[in-house]
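Structure record follows, encoded as structure tokens.
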Amino acid sequence: MVKQVQRGFSLIELMIATALLSMVMFTGYFAYSLYTDKWQKRADHFWQLNQNALGTEALIRVFEATSIYIIKDQNNKFSVLFSGQQTSVTLVTNTGLYSNTTALIKLQSIEQENGLQSLIYSELPLIDTLLLEYPSELQWQYQNVLLTDISKVNFQFYGWQTTENAGNSTLSAIDLEPGQQKPKRRWYTSHSIEENRILPSKLALYFENPQQQVTHVQVDLVSGSYRELVRYFRDGA
Numbered sequence: 525m526v527k528q529v530q531r532g533f534s535l536i537e538l539m540i541a542t543a544l545l546s547m548v549m550f551t552g553y554f555a556y557s558l559y560t561d562k563w564q565k566r567a568d569h570f571w572q573l574n575q576n577a578l579g580t581e582a583l584i585r586v587f588e589a590t591s592i593y594i595i596k597d598q599n600n601k602f603s604v605l606f607s608g609q610q611t612s613v614t615l616v617t618n619t620g621l622y623s624n625t626t627a628l629i630k631l632q633s634i635e636q637e638n639g640l641q642s643l644i645y646s647e648l649p650l651i652d653t654l655l656l657e658y659p660s661e662l663q664w665q666y667q668n669v670l671l672t673d674i675s676k677v678n679f680q681f682y683g684w685q686t687t688e689n690a691g692n693s694t695l696s697a698i699d700l701e702p703g704q705q706k707p708k709r710r711w712y713t714s715h716s717i718e719e720n721r722i723l724p725s726k727l728a729l730y731f732e733n734p735q736q737q738v739t740h741v742q743v744d745l746v747s748g749s750y751r752e753l754v755r756y757f758r759d760g761a
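Mapped onto the working numbering, the consecutive letters of the sequence shown carry residue numbers 525 to 761.
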């Protein structure tokens with residue numbers, strides 16, 4: 525009769541098995557980490573796009589309700605309250621995001637810590653505020669970030685760049701001087717209350733994300749601001 529001797533694992537075998545098991549576990553953990561990181565980046569990108577889409581929709585609603593609000597500028601002349609640069613715009617709308625009434629709003633691009641930009645929305649309801657002059661000391665009642673992590677922001681305006689051009693556009697051929705032509709509307713990037721005392725015809729906003737995806741928003745503004753302003757003229761256009 526042959527007697528069988530039971531043997532256990534040697535220390536070397538245990539060490540090799542433990543090392544192999546550790547390698548398998550490390551590989552699985554590394555793969556899982558890559559998967560979760562990639563998923564988190566996709567989720568963050570999705571929510572960022574979703575937030576920017578909601579912000580863009582809100583901007584369109586505000587722009588479409590732009591109102592003709594006449595004030596006195598720093599030259600003591602009557603002007604429509606609308607001021608714009610490439611990275612900011614100030615106007616009066618009939619539909620504020622927070623008050624849902626007539627409100628003065630300002631959109632301005634500011635730089636983030638990571639070098640990208642955010643578009644900040646500021647709002648002052650005018651239901652209990654009588655704004656007669658601009659610029660003036662303002663206390664914004666609401667402020668919020670509408671767009672985040674964008675690499676470029678650009679506002680553009682379409683119309684007559686000066687009030688004088690708007691007035692000359694109404695002249696007939698008989699009233700024009702020899703060689704004089706009617707001015708034409710065009711796109712420009714700076715709208716000064718003092719130089720252009722009326723609303724532009726269109727407002728466009730371009731912004732680009734780090735993936736070089738460009739969003740273009742263009743809105744037709746309320747017409748007739750020149751005719752409304754004429755009623756307030758005292759010293760001529």
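Glycine included, C-beta positions come from ideal geometry on N, C-alpha and C. All figures in this text were calculated on a predicted structure; none of them were measured in a lab.
- Query: Going along the chain, which residues of its own chain have a beta-carbon closer than 7 angstroms to the beta-carbon of Leu-753, five neighbours each way excluded?
  - Reply: Sequence-distant Cβ neighbours of Leu-753 in its own chain, meaning closer than 7 angstroms and more than five residues away, are Ile-594, Phe-602, Val-604, Arg-721 and Ile-722.
- Query: How would you label Asn-600, buried or exposed, when you count the other beta carbons within 10 angstroms and need 16 or more for buried?
  - Reply: Asn-600 comes out exposed.
- Query: Between the beta-carbon of Gln-641 and the beta-carbon of Ile-674, is there less than 9 angstroms?
  - Reply: Yes; because the gap between Cβ atoms is below 9 angstroms, this pair is in contact.
- Query: In three-state terms, what does DSSP make of Ala-627?
  - Reply: Looking at Ala-627 - three-state DSSP - the assignment turns out to be strand.
- Task: Label Ala-541 either buried or exposed according to how many other C-beta atoms from any shown protein chain fall within 10 Å of its C-beta, with 16 as the threshold for buried.
- Result: Under a 10 Å Cβ-count criterion, Ala-541 is classified as exposed, with fewer than 16 other Cβ atoms of the shown protein chains found around its own Cβ.
- Distance, Ala-728 Cα to Tyr-581 Cα: According to the sequence as given, residue 581 is Glu; it is not Tyr. If I take the Cα positions, the gap works out to 14 angstroms.
- Message: What does the Cβ neighbour count give for Phe-550, buried or exposed, with the cut at 16 atoms within 10 Å?
- Response: Classification of Phe-550: exposed, given that the 10 Å Cβ count is below 16.
- Query: Given that a residue counts as buried once 16 or more other Cβ atoms are within 10 Å of its Cβ, and exposed if not, what is Tyr-629?
  - Reply: The residue you asked about is not Tyr; residue 629 is Ile in the sequence shown. Looking at its Cβ environment, which holds 16 or more other Cβ atoms inside 10 Å, Ile-629 is buried.
- Status (buried if at least 16 other CB within 10 Å, exposed otherwise) for Asp-597: So Asp-597 counts as buried.
- Message: For Gly-683, list the residues DSSP reports as bridge partners.
- Response: Paired residue(s): Arg-710.
- Task: Using a threshold of 9 angstroms, state whether the C-beta atoms of Phe-613 and Leu-631 are closer than that.
- Result: According to the sequence shown, residue 613 is Val rather than Phe. Contact: yes.
- Task: Using 10 angstroms around the beta-carbon of Ile-717, count the other beta-carbons present and answer buried if the total reaches 16, otherwise exposed.
- Result: With 16 or more other Cβ atoms within 10 Å, it is buried.
- Query: Any idea if Phe-570 is buried or exposed, counting beta-carbon neighbours within 10 angstroms, 16 or more meaning buried?
  - Reply: Summary for Phe-570: the model assigns pLDDT 42, below 50, so the residue's position carries little reliability, and this model does not support an answer.
- Query: Can you tell me the Cα-Cα spacing of Thr-686 and Gln-636, whole angstroms?
  - Reply: As the crow flies, the alpha-carbon of Thr-686 is around 34 angstroms from that of Gln-636.
- Task: Please say whether Gly-579 and Leu-671 have beta carbons closer to each other than 9 angstroms?
- Result: In contact: Leu-671 and Gly-579 (Cβ atoms closer than 9 angstroms).
- Gln-665 vs Leu-654 beta-carbon contact at 9 angstroms: No; because the gap between Cβ atoms is not below 9 angstroms, this pair is not in contact.
- Item | Trp-684 classed as buried or exposed, judged by whether at least 16 other C-beta atoms fall within 10 angstroms | Looking at its Cβ environment, which holds 16 or more other Cβ atoms inside 10 Å, Trp-684 is buried.
- For the beta strand (DSSP E) containing Ser-612, list its first residue and its last residue. Taken as a continuous stretch (DSSP letters only), the beta strand (DSSP E) holding Ser-612 covers 612-617.
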